[in-house]
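These notes are about the structure you will find just below.
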Amino acid sequence: MPIIELNNVNKGFGPASNRSEVLADINLSIEENEFVAIVGFSGSGKSTLVNLLTGLEIPDTGTVTFEEKPVTGPHSDRGIVFQNYSLLPWLTVTGNVELAVKQVFPQMSKKERRDHVARYIEMVNLTPASWKRPKELSGGMRQRVSVARTLAMQPKLLLLDEPLGALDALTRAQLQDEILNIWDQEKKTVVLITNDVDEAVLMADRIIPLTPGPQATLGKEFRVDLQRPRDRTTLNFNPEFKKIRNTVTQYLMELNDEAKRLAPVKDLPLPDIHPIQFVA
Amino acid sequence: MKKFKHILLKTLDVAALSVFEPIVRLCYGEDPRAQLRKIGKFILIPIVAFILFLGVWHVTASGIETKFGKMPTPGVTWEQTKVMVGQVFENRRSEKAFYVEQKTKAQEHETKAAQYAAAAELPKNASQKEAFLAESNAQAELAVNARSATFAGTPTIIYRVVHSLKTVFLGFMLATLIALPIGILCGLNPVFMAAASPIIQIFKPVSPVAWVPIAMILVGALYSGSSMQPAMLSSAIVVAMCSLWPTLTNTALGVASIDKDHLNVAKVLRLGWWTRLFKIVIPSSLPLIFAGLRISLGVGWMVLIAAELLVQNPGLGQFVWDRFQDNSAAAFGQIFVAIFIIGIIGFFLDRTMIILQRSVSFDAPAGA
Numbered sequence: 035m036p037i038i039e040l041n042n043v044n045k046g047f048g049p050a051s052n053r054s055e056v057l058a059d060i061n062l063s064i065e066e067n068e069f070v071a072i073v074g075f076s077g078s079g080k081s082t083l084v085n086l087l088t089g090l091e092i093p094d095t096g097t098v099t100f101e102e103k104p105v106t107g108p109h110s111d112r113g114i115v116f117q118n119y120s121l122l123p124w125l126t127v128t129g130n131v132e133l134a135v136k137q138v139f140p141q142m143s144k145k146e147r148r149d150h151v152a153r154y155i156e157m158v159n160l161t162p163a164s165w166k167r168p169k170e171l172s173g174g175m176r177q178r179v180s181v182a183r184t185l186a187m188q189p190k191l192l193l194l195d196e197p198l199g200a201l202d203a204l205t206r207a208q209l210q211d212e213i214l215n216i217w218d219q220e221k222k223t224v225v226l227i228t229n230d231v232d233e234a235v236l237m238a239d240r241i242i243p244l245t246p247g248p249q250a251t252l253g254k255e256f257r258v259d260l261q262r263p264r265d266r267t268t269l270n271f272n273p274e275f276k277k278i279r280n281t282v283t284q285y286l287m288e289l290n291d292e293a294k295r296l297a298p299v300k301d302l303p304l305p306d307i308h309p310i311q312f313v314a
Numbered sequence: 124m125k126k127f128k129h130i131l132l133k134t135l136d137v138a139a140l141s142v143f144e145p146i147v148r149l150c151y152g153e154d155p156r157a158q159l160r161k162i163g164k165f166i167l168i169p170i171v172a173f174i175l176f177l178g179v180w181h182v183t184a185s186g187i188e189t190k191f192g193k194m195p196t197p198g199v200t201w202e203q204t205k206v207m208v209g210q211v212f213e214n215r216r217s218e219k220a221f222y223v224e225q226k227t228k229a230q231e232h233e234t235k236a237a238q239y240a241a242a243a244e245l246p247k248n249a250s251q252k253e254a255f256l257a258e259s260n261a262q263a264e265l266a267v268n269a270r271s272a273t274f275a276g277t278p279t280i281i282y283r284v285v286h287s288l289k290t291v292f293l294g295f296m297l298a299t300l301i302a303l304p305i306g307i308l309c310g311l312n313p314v315f316m317a318a319a320s321p322i323i324q325i326f327k328p329v330s331p332v333a334w335v336p337i338a339m340i341l342v343g344a345l346y347s348g349s350s351m352q353p354a355m356l357s358s359a360i361v362v363a364m365c366s367l368w369p370t371l372t373n374t375a376l377g378v379a380s381i382d383k384d385h386l387n388v389a390k391v392l393r394l395g396w397w398t399r400l401f402k403i404v405i406p407s408s409l410p411l412i413f414a415g416l417r418i419s420l421g422v423g424w425m426v427l428i429a430a431e432l433l434v435q436n437p438g439l440g441q442f443v444w445d446r447f448q449d450n451s452a453a454a455f456g457q458i459f460v461a462i463f464i465i466g467i468i469g470f471f472l473d474r475t476m477i478i479l480q481r482s483v484s485f486d487a488p489a490g491a
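Those protein sequences? They're chains A and B, same order as listed. Numbers in the working numbering are just positions in the first sequence, counted from 1, shifted up by 34. Numbers in the working numbering are just positions in the second sequence, counted from 1, shifted up by 123.
In structure tokens form, the structure reads like this:
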């Protein structure tokens, strides 16, 4: 039984006269405990897709169903980690996580809540900085807070919207490993939105490309059957890893070329006019 | 030691007094030449500028002859400052003397009352006894009156400053209580904003002086309490009417321009309306709200002096008017002293608000 399903989903923005159809005919089905990566170019509608999964947006046509019930709005069962962290700058690390915990588990006693918050902060290795405010943290640390906040809500489905996009390569690698560890421990369903094929191959069970917009749709999917845990140091020499990476990259490049070819030609014919010669 | 220096520098920064930072650094021997240069530029030069200002004032004032005599020079103003300080002490002395006197009076009456009461106990005829008792009661009452009498000297400058501060805070509180909720509603709801906008636009530019008669008439008609002088209430209302606008508009702006990411957090967490308001909306607009409050208090303090002058609320404004009525060179000098007092208090009020504003600004580094 799939945990979340999208059926013939279309989504566009703007008034009828100037409408841009962002997503068209999206069909997606994700099984429990799966790690799915959705890869796409920037501007292809990845964020719209993740908003649909979260419930922040409702499809124009088609259905989004979570555990066989239609999605009508956000729910704590579907936790999202935003690309830009979205932390509340006036709260400390603990405060940010606590706000979410208070909301999702209102019945918790004060002590239970404190322990719960502390556990998730520990999980992302931020205990020493738990009293700091987001402004005092590096990008990687901020994203960790965001991950802790979302995990603390104990969602069944974890949506990661380009969570590592703004980080430097080293921090990125470190956080990828941490996310994989957590996924391994907590056994959650994860949807990772990314524009990095390497990241997708390293982390996911299944890679689904999103074709370039407008009217983006999901392309041919690729299974990644690499042994877990995947070790990034040896992975570069793994022929299977290389093969998948190349196929996916190749596929994306072809999609891009095709999109460019199919894009309407916007050459405006120039009128045949000449400037008048003024003679002083 | 190093930690103490850090705390000191931080305090200066928070209090917006970072001009004095080089002095602290110099005391700790940190790059003395650079610090001295900074002290010269940003402390010595302002001092020189102020001395120059005093010079210009002196020269200009000496050449102006008014019906109150010469226009007060810095020297005369300083003399009058000393006179006013002297009056404060003088007043305190006479106040003390007054209470001592009242106390002895009361004691005299009490002994007399006791004597009459004792006399009434002696066997006499009934009418005499009654007369003694009545006299005893009258004396006892005089004693009570003497004890409860309050000193009614002319209000000193200290009394006036305190009274003005009380009035301005009353007005400022009123303004805040009105402006915050309306500002938040305006920021949350564009329709409410559109509805409130014409009203705000019309009343915002009204001069404080125009509100004075309205406030006086309304207080006269509606206020019958005795806990506060009507003049104080009228002045506070005028202050409120003029100082609520900056808070209102800033609050509306702060609430309306809340970061979309923060609203997304609220949506994803499915916060209720009140939780969203108190956990997301208000905290995120606090820096702007406090910027508004700071401007409001500044406006309020300015308006207060004019209001007091017209309403005759016994604060600094009335002091200025009293001195003007006094028609003497000394009184003219005291008006100048009042100007400096008003300015310096205004400065400290502003500083206090800056510190508050910084303490709620989440952009500032920790500890600020």
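Here a beta-carbon is modelled for each residue, glycine too, at the ideal position from N, C-alpha and C.
**Report entry** Any chain B beta carbon closer than 9 Å to A/P248
**Finding:** No, A/P248 does not count as interfacial toward chain B.
Query raised in the report: Assuming B/L427 and B/G440 make a contact with CB atoms under 8 Å, what is their CB distance in whole Å?
Result: For a cut-off of 8 Å, the C-beta gap from B/L427 to B/G440 is around 7 Å, short enough to register as a contact.
Query raised in the report: Can you check whether the CB of A/L193 is closer than 9 Å to the CB of A/E220?
Result: For A/E220 and A/L193, no; Cβs fall outside 9 Å.
Query raised in the report: Do the segment 101 to 111 of chain A and the segment 362 to 381 of chain B meet, that is, are 3 or more Cβ pairs less than 8 Å apart?
Result: Fewer than three Cβ pairs drawn from the segment 101 to 111 of chain A and the segment 362 to 381 of chain B lie within less than 8 Å of each other, which leaves the two stretches out of contact.
Query raised in the report: Taking only runs of the alpha helix (DSSP H) that begin and end inside the segment 183 to 221 of chain B, which ones reach a length of at least 4 residues, in chain order?
Result: For the segment 183 to 221 of chain B, not a single whole alpha helix (DSSP H) run of length 4 or above is found.
Query raised in the report: Roughly how many whole angstroms lie between the Cα atoms of A/K144 and B/R399?
Result: Approximately 21 Å, taken between the alpha carbons.
Query raised in the report: What is the rounded straight-line gap between the Cα of A/S51 and the Cα of A/L289?
Result: C-alpha of A/S51 to C-alpha of A/L289: approximately 28 Å in a straight line.
Query raised in the report: Name the chain B residues whose beta carbon is nearer than 7 Å to that of A/K103?
Result: Taking the beta carbon of A/K103 as reference, no residue of chain B falls within 7 Å; the closest one sits roughly 16 Å away.
Report task. Decide if B/K181 is buried, meaning its Cβ has at least 16 other Cβ atoms within 10 Å, or exposed. Result -> Checking the displayed sequence, the identity of residue 181 of chain B turns out to be His instead of Lys. The residue in question, B/H181, is exposed, as its Cβ has fewer than 16 Cβ neighbours within 10 Å.
Query raised in the report: In the structure shown, what three-state DSSP assignment does A/E132 receive?
Result: The answer is helix: DSSP assigns A/E132 an H, G or I state.
Query raised in the report: Looking at the C-beta of A/G77, does it have a partner C-beta in chain B at a distance below 9 Å?
Result: So no, A/G77 is outside the interface.
Report task. Kindly identify the DSSP beta-bridge partner or partners of A/L57. Result -> In the DSSP output, where bridge partners are listed per residue, A/L57 has A/K45, A/A250.
Requested in this report: Please report how far the alpha carbon of A/K276 lies from the alpha carbon of A/N270, in whole angstroms.
Outcome: Approximately 7 Å between the Cα atoms of the pair.
Query raised in the report: Under a CB-based cut-off of 9 Å, is A/P162 close to chain B?
Result: By this cut-off, A/P162 is not an interface position.
Query - For A/N118 and A/G77, the rounded distance between their alpha carbons - result: Each residue's Cα considered, the two are about 16 Å apart.
Query raised in the report: Does DSSP classify A/K222 as helix, strand or coil?
Result: In this structure, DSSP gives A/K222 a state outside helix and strand, which the three-state scheme calls coil.
Query raised in the report: How many angstroms separate the CA atom of B/H286 from the CA atom of B/F191?
Result: When the Cα atoms are used, B/H286 and B/F191 turn out to be separated by approximately 28 Å.
Requested in this report: Report back the beta-carbon spacing between A/V73 and A/V225 to the nearest angstrom; my notes put them in contact at under 8 Å.
Outcome: Rounded to the nearest angstrom, the Cβ distance from A/V73 to A/V225 is 12 Å, too far for a contact under 8 Å.
Query raised in the report: Taking contact to mean at least 3 C-beta pairs separated by less than 8 Å, is the segment 404 to 419 of chain B in contact with the segment 470 to 479 of chain B?
Result: The answer is yes - the segment 470 to 479 of chain B touches the segment 404 to 419 of chain B, with three or more Cβ pairs under 8 Å.
Query raised in the report: Any idea which residues DSSP pairs B/K161 with across the strands?
Result: In the DSSP secondary-structure assignment, B/K161 is not bridged to any residue.
Query raised in the report: Of all Cβ atoms in chain B, is any one closer than 9 Å to the Cβ of A/Y119?
Result: The beta-carbon of A/Y119 is placed less than 9 Å from the nearest beta-carbon of chain B.
**Report entry** Coil, strand or helix - A/F256 by DSSP
**Finding:** Of the three classes helix, strand and coil, the one that applies to A/F256 here is strand, per DSSP.
Query raised in the report: Name the DSSP beta bridge partners of A/K103, please?
Result: A/F100, per the DSSP bridge assignment.
Query raised in the report: Expressed to the nearest angstrom, what Euclidean distance is found between the alpha-carbon atoms of B/V378 and A/R295?
Result: Looking at the backbone, the Cα of B/V378 and that of A/R295 are separated by about 46 Å.
Report task. Leaving out five residues on either side along the sequence, give the residues of the same chain with a beta carbon under 6 Å from the beta carbon of B/I146. Result -> Listed in chain order, the non-local C-beta contacts of B/I146 below 6 Å within the same chain number zero, local neighbours out to five positions each way being set aside.
Query raised in the report: Could you give the distance in angstroms between the alpha-carbon of B/G490 and the alpha-carbon of B/R474?
Result: Interpretation of B/G490 is limited by its pLDDT of 39, a score under 50 that renders its predicted location unreliable; no figure is taken from the coordinates.
Query raised in the report: Would B/G438 pass as a contact of B/T299 if the rule is Cβ separation under 9 Å?
Result: No, Cβ-Cβ distance for B/G438 and B/T299 is not below 9 Å.
Query raised in the report: Within 9 Å (strictly less), CB to CB, does A/Q137 reach chain B?
Result: It does: the Cβ of A/Q137 has a partner Cβ on chain B nearer than 9 Å.
Query raised in the report: Could you give the C-beta distance for A/V158 and A/R178, rounded to a whole number, given that I count them as a contact under 8 Å?
Result: About 4 Å separates the two Cβ atoms, so the contact holds.
Requested in this report: Ignore the nearest five residues each way along the sequence and tell me which others in B/L177's own chain have a CB closer than 7 Å to its CB.
Outcome: Closer than 7 Å at the Cβ level, and outside the excluded window around B/L177, lie P197.
Report task. Verify the CB distance criterion: does B/R481 have a CB-CB separation below 9 Å to chain A? Result -> Chain A places no beta carbon closer than 9 Å to that of B/R481, leaving this residue out of the contacts.
Query raised in the report: Considering only the beta carbon of each residue, do A/I155 and A/T128 sit closer than 9 Å?
Result: Yes, the pair counts as a contact, with Cβ atoms nearer than the cut-off.
Query raised in the report: Residues of chain B with CB under 7 Å from A/I114, in chain order?
Result: Within chain B, the residues placing a beta-carbon under 7 Å from that of A/I114 are V391, ordered along the chain.
Report task. Determine which residues of the segment 384 to 411 of chain B have a Cβ less than 8 Å from any Cβ of chain A, and write them out in chain order. Result -> Within the segment 384 to 411 of chain B, the residues whose Cβ lies closer than 8 Å to any Cβ of chain A are, in chain order, D384, H385, N387, V388, K390, V391, L392, R393, L394, T398, K402, I403, P406, S407, L409.
Query raised in the report: Would B/P488 be called buried (16 or more neighbouring beta carbons within 10 Å of its own) or exposed?
Result: Model confidence at B/P488 stands at a pLDDT of 46, short of 50, so the residue's coordinates are unreliable; what they give is reported in the following sentence. Burial call: exposed.
Report task. Assign B/T183 to buried or exposed, taking buried as 16 or more other Cβ atoms, counted over all protein chains shown, within 10 Å of its Cβ. Result -> Exposed is the call here.
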